[in-house]
Amino acid sequence: MTQVNAQSYIKGKGWTARKVDSTYIVSLDDKTSILDDLTDFVTSQKIKAGSIIGIGAINEATLRFFDPKTKNYVDKKFAEQMEVSNFTGNISEVLGKPMLHLHVTLGRSDYSALAGHLLDGKIRGAGELYIYPVDSKIIKVKNENVGLNFYDFEK
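If you want it as structure tokens, here you go:
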């Protein structure tokens, strides 16, 4: 990670960012993994909890859908150029590691939309995000009854 003067920007593996007050404005590099870039960013900036919003363009996305009956995920990969009309998520910790819980709405060339949990995607064009850290550590633990990770405020 390269840090230029305090008024400038921070550069990492696959991303460039500027901190304004407590908010990070992040640009993801073209042709890179969203999950890899964001994991590198939150790790390098020591962000333990927060929220993420953004827009952009991708040419590959793996969406995940949770089936509550089987408690299993169903993943589906889409390989086409799409607009990211909404990107939202949160940052927490699971088993001591950063956990990015990301959801996305994607616009296709025929103007239909896809939406769901974003497992990963590849930027093709722009990835423009705002990251709002909170000064806390938020832990998630698996709820065996449901099959999902839930916030555990007792930890």
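Residue numbers (our numbering): 759 to 913. Every residue gets a Cβ at the ideal spot worked out from N, C-alpha and C, and that includes glycine. As the structure is a prediction and not an experimental result, all values here were calculated from the model.
Extent of the continuous beta strand (DSSP E) run through residue i
i       : result
Asp-918 : The structure shown does not extend to residue 918, since the chain spans only 759 to 913, so no value can be given for it.
Asp-878 : 871-891
Val-842 : 840-852
Ser-785 : 781-786
Val-778 : 773-778
Thr-863 : 855-865
Val-800 : It is not in any beta strand (DSSP E) - Val-800 instead sits in the alpha helix (DSSP H) that spans 792-802.
Phe-908 : 906-909
Asn-901 : 898-901
Cβ pair residue i, residue j closer than 8 Å
i       : j       : result
Arg-800 : Ile-768 : The sequence as given places Val at residue 800; Arg does not occur at that position. Going by C-beta atoms, Val-800 is not nearer than 8 Å to Ile-768.
Ala-807 : Met-840 : no
Leu-821 : Leu-877 : yes
Ile-896 : Tyr-782 : no
Gly-874 : Phe-908 : no
Thr-928 : Ile-881 : Lying before the first or after the last residue shown, residue 928 is absent from the chain, which here runs from 759 to 913.
Ser-780 : Pro-891 : yes
Lys-771 : Asp-788 : no
Val-784 : Leu-858 : no
Lys-829 : Gly-885 : no
Val-852 : Lys-804 : no
Residues that DSSP places opposite residue i in a beta bridge
i       : result
Gly-812 : Phe-845, Leu-887
Tyr-767 : DSSP, once it has assigned bridges, lists no residue as partnering Tyr-767.
Asp-825 : Asn-830
Glu-912 : Paired residue(s): none; Glu-912 is not in a bridge.
Ala-819 : Phe-836, Gly-879
Check: residue i C-beta below 7 Å from any heavy atom of the ligand HEM
i       : result
Ser-809 : In the structure on display, the ligand HEM does not appear, and there are no ligands present to speak of.
Touching by the beta-carbon criterion (3+ pairs, under 8 Å), the stretch 844-851 and the stretch 803-815: By the Cβ rule, the stretch 844-851 counts as touching the stretch 803-815, because three or more pairs are nearer than 8 Å.
Meets three-Cβ-pair contact criterion under 8 Å: the stretch 828-842 and the stretch 856-866: yes
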